Structure formats: structure tokens, C-alpha cells
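Chain order of the listed sequences is F and U.
To convert, count from 1 in the first sequence and add 99; that's the working numbering.
To convert, count from 1 in the second sequence and add 99; that's the working numbering.
Positions of the beta carbon are idealized from the N, C-alpha and C atoms, including for glycine.
Treat the numbers as computed from the prediction; the structure is a model and nothing was measured.
Reviewing the structure listed below.
2 protein chains.
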Amino acid sequence: MAKIDTKLIQELRNRTGLGMMTVKKALEETGGDIERAVELLRKKGAAVAAKRAGKKTDEGIIHAYIHPGDRIGVMLELNCETDFVARNENLRQFAQDLALQITAMKPLYLTPEDVDEKFLEHEKDIIKAQLADSGKPEKILDKIIEGKMKKLYEGICLLKQPFVKNDQVTVEQVLQELIAKTGENIKIKQFSRFEIGD
Amino acid sequence: MAKIDTKLIQELRNRTGLGMMTVKKALEETGGDIERAVELLRKKGAAVAAKRAGKKTDEGIIHAYIHPGDRIGVMLELNCETDFVARNENLRQFAQDLALQITAMKPLYLTPEDVDEKFLEHEKDIIKAQLADSGKPEKILDKIIEGKMKKLYEGICLLKQPFVKNDQVTVEQVLQELIAKTGENIKIKQFSRFEIGD
């Protein structure tokens, strides 16, 4: 097995926030390829998240952030399985990161499933109208519409937004990494964003 | 004109939070009757509030309160006319008082107008069913229903709730006093209350 440079281990720890042994193993499995190691850890995180997905989340915290000037405020609820994880520093940091994310990126919904149906239909109609005279076959048009809707979701759904602290990952992926790290199902239950003049 | 005891003036200042000259004048007008002076000031407050009611409220603050334990959180938006009043200590204190009020008293709505129609009809039907065999004439029944609906509003509408710091007045009256004190239209625009396990 290839000897893994401690610099690489440190870099991967910084990028994922995971423990020494976890990132070392991932680097060994990918022969020291840090990008593939990130990908591998992400998949493992998603797998753990999927495994925990059915678990009850009756505990958690409410977190609030008031932006300097007192004109923007965000409050959110994170749910987890135990009071122990509710007091975990990683979860608390995630709550604060989310608050800053919501402050800056103004999501309107948590997930694509929450988006108002009428709003979606309206947006689809606009895209279709824009493409009406393009002369492209319907299958290609469907792909283009799908791509544009994905972009739309990235804009308005918190879980699909690029993470403010690292735009290479989505908020959902950061959540999955946190689930893998704590070993508990964790959910963003709800959030509010108030802004003076909105 | 009767000489007004400085103790009375101080007591009325404590009860209303208003300035020395204002409470002195109210006590003079009511011959030193502190209860009537309170009533008089309240009416004046309501009058000022009514006068300012049409004024634009584009400024304000967002305020949040997380209850110790991080299991209950409240966020609210107060609107006023100028940035000057948004920074006013009385307004800031009111924001914090409201946050504690919402934490403790769990209002579901801001005003009776916001209450869900179906919920109201359902509650009225329950009350009518309870009174069906009472044999009372319809006019009396209407009065009883009106009284019970008022009680209901007091429970679930923030503006109609008794104020936590002084249950002799409603939140709406405290708001009117603040409007009189600052001379600006002030509105509670919105609030959120999150609680783990709700």
C-alpha cells in the first residue's frame, strides 16, 4: 500500500472536516488521488445518510442569526436523533453556516418538493416560450428545460444551493457529511428569513 | 389646580413608561386619580396610534430570541417610519418583550383577521353545539358566542393577548403606548416561533 503524504491527509481533513483515519483510508483506497478520495468520502457520506434516513429525529436545536444592522434575520430548526448530537460542536457550526447561507443566498424553499406547483408551471411555460422558435427536436428541448429547472432549484432551494463556504458542494452534501460524521440522521426542519423592506 | 404628589408622578411614570410632563398633566387632569390617569393616557395613546396609522413604515428591526436550552426560538420584525426610531431603546425593549411574550404565550396569529376562517367556523360550531340545549334566547346566545370568541382571540392572537409583563393591558395597548411615546407609526409585521418537538 502506498505511503500517504501527511500533507495530503491534512488537506483532505481540511476539505471534508473528517477524522484522520477516515481520510487516510480514503487516500489509500484511491492511491493518493485527493479528488477521487473526496468523491469516495462523499459517496460514503450519502450512503450513511441514506441508511439513517428512516430514523426518528425528535431532538435538535433552534438557531438564530441577526445580520449586523438588524435589518436581516434568519432562524432555523435542525433536528437530530439524540440530545448528545444536538450539543455537538459540528452540528452547531453547521447551524451557523446555514444561517449565513440563508442570509446571503435567500433560499425560498427547503427542497424542490416544497416549491409551489403553480410557480413551477409558470417558469416552465416561460422557458418553453423562449425555446418555441428554436427548431430543436422535442427530446433536446426536454433536456434543456430539465437543465434550466435544475438551475432554478439551485437558486431557490436551500438543499440544492452551492454551499457558501465551499461552492464545490451543495448544502445537501454538507448535510450528508455531517450525518456521516455524527452517525445520526439530521434534518433541516424549517427556516425563516426576515428582511426589512422585503 | 391640585398639587400632584411626586410619588404619584413616579408611580405613573413606572406604569406607563411616559415622560414626567406627560404623566403630570394626566394626573392634573384627573385630580390625582392614578387609575383614571392611566385610562386617559391609554386613550391618548390610541388616538396618536390612530393618527399615525396611515404612515409608511419602511424602516425597522429584526429581533431574535433563543430560549436557554436552544429548544425554543422566536424571531420577529418590527416596522417603523425612520431609522432613528429603529435604533430607539424603547423599541428595542419592546422587541425583546415581544420575543419573550411569543416564547411563553405561543400566539398562532398576529391579529384576529389573520385567523384561518375554517378554524373559526369550526370553533363557532363547537360553541353552538355546547349551547344548543341551554334554552336561552338567540340574542343571548349570540352574546355568549361573541364573548367566547373574544377569549379565543386572546389566546391565539398576539395583539389581543394580555402582555406578559403586565396582564392589565394587551400587547396592542403596549404597542399604542410605544407609538405615542415615539410619535411614529410602528407595526409588528411578522413573527416565527420554532420549538423542538412541535
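Would you report the Cα separation of E134 (chain U) and N113 (chain U), rounded to the nearest angstrom?
13 Å
Give the range of the alpha helix (DSSP H) segment to which G144 (chain U) is assigned.
I133 to R151
Do K247 (chain F) and E253 (chain F) count as a contact pair if the criterion is CB distance below 8 Å?
no
Ordered along the chain, which non-local residues of its own chain (more than five positions away) have a Cβ less than 6 Å from that of L240 (chain F)?
L230
Cutting at 6 Å between CB atoms, please list the residues of its own chain near M174 (chain F), excluding the five before and the five after it.
A163 and S291
Let me confirm a value: G153 (chain F) is counted as buried when at least 16 other C-beta atoms fall within 10 Å, else exposed. Which label applies?
So G153 (chain F) counts as exposed.
The alpha helix (DSSP H) with N113 (chain U) in it runs from where to where?
T105 to T115
If you measure from the beta carbon of F293 (chain U) to each beta carbon in chain F, is any gap under 8 Å?
yes
Just to confirm my understanding: we take K96 (chain U), look at its own chain, exclude 5 residues before and 5 after, and list those with CB closer than 8 Å. What are they?
It is not possible to answer for residue 96 (chain U), since the shown part of chain U is limited to 100 through 297.
For L277 (chain F), count neighbouring C-beta atoms within 10 Å of its own C-beta (all shown protein chains included) and say buried if the count is 16 or more, exposed if not.
buried
So that I know if they touch, is there some Cβ in chain U lying closer than 8 Å to that of L157 (chain F)?
Looking at the sequence shown, residue 157 (chain F) is not Leu but Asp. Interface residue, yes.
Below 8 Å on the Cβ atoms is my guess for N178 (chain F) versus T281 (chain F); work out the distance and round it to an integer in Å.
N178 (chain F) to T281 (chain F), Cβ: 12 Å. No contact.
Among U:V263, U:A125, U:K223 and U:Q289, which one has its Cα closest to the Cα of Y208 (chain U)?
U:Q289
Given this structure, state the Cα-to-Cα distance separating T269 (chain F) from F262 (chain F), to the nearest angstrom.
Each residue's Cα considered, the two are about 5 Å apart.
Straight-line CA distance for T156 (chain F) to N265 (chain F)?
For T156 (chain F) and N265 (chain F), the distance between alpha carbons rounds to 27 Å.
Please compile the residues from chain F whose C-beta is within a distance smaller than 8 Å of the C-beta of A163 (chain U).
A163, Y164, I165, G172 and M174
Could you round the C-beta distance between G118 (chain U) and F293 (chain U) to whole angstroms and report it? I think they count as a contact, below 8 Å.
About 38 Å; that fails the 8 Å criterion.
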